[in-house]
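Letter 96 of the sequence shown, counting from 1, is numbered 106 in the numbering used here, and no numbers are missing. Just so it is clear, CB atoms sit at the ideal spot from N, CA and C, and this is done for glycine as well. Before any comments, here is the structure.
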Amino acid sequence: VVSIMSWGVEPHLVNSWNSYLVVTDDERILIPAYGFRKTQRNVEINNKVKISLGSKEVLGYKDYPGTGFIVEGTAAYIESGEEYDMMKSKFSFLTRVLEITVDKAKQML
């Protein structure tokens, strides 16, 4: 699971699946969005977001079985174009794509 935190008028938290994240060649994160309406309203006011994600299948610090990250970034919604089409072909349910440009990533485990 990946948790996405946004804050506009008030904070909001939404979840998606790790397997839905697509990392582009320039290291942006693309996430298919079907709901995420409150997140989008928040991003329109304040485009800064934080995401928390982890996996027990990836070794962490000192060979710890699992790792996690907090990622801070700038968010935008994509509603058309080449990246939208690519994501739509992978995730037919999406209505928009949440794009996160990573500003900072910190390993937690």
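Give the single residue among the options whose Cα lies nearest to the Cα of residue i.
i, options, result
"His22", "Gln50, Pro42 and Arg38", "Gln50"
"Leu119", "Tyr30, Ser26, Lys66 and Val24", "Lys66"
"Phe79", "Asp36, Ala86, Gly70 and Tyr87", "Gly70"
"Ile41", "Lys116, Tyr94 and Ala115", "Tyr94"
"Gln117", "Asn56, Val59, Glu82 and Gly45", "Glu82"
Within the continuous beta strand (DSSP E) that includes residue i, where are the two ends?
i, result
"Asp113", "Arg106 to Gln117"
"Glu67", "Lys58 to Leu69"
Does DSSP put residue i in a helix, a strand or coil?
i, result
"Val19", "coil"
"Ser26", "strand"
"Met13", "For the sequence presented, residue 13 should be read as Ser rather than Met. In this structure, Ser13 counts as strand in the three-state DSSP scheme."
"Tyr87", "strand"
"Thr49", "helix"
"Glu37", "coil"
What are the start and end residues of the alpha helix (DSSP H) that includes residue i?
i, result
"Ser99", "Glu92 to Lys100"
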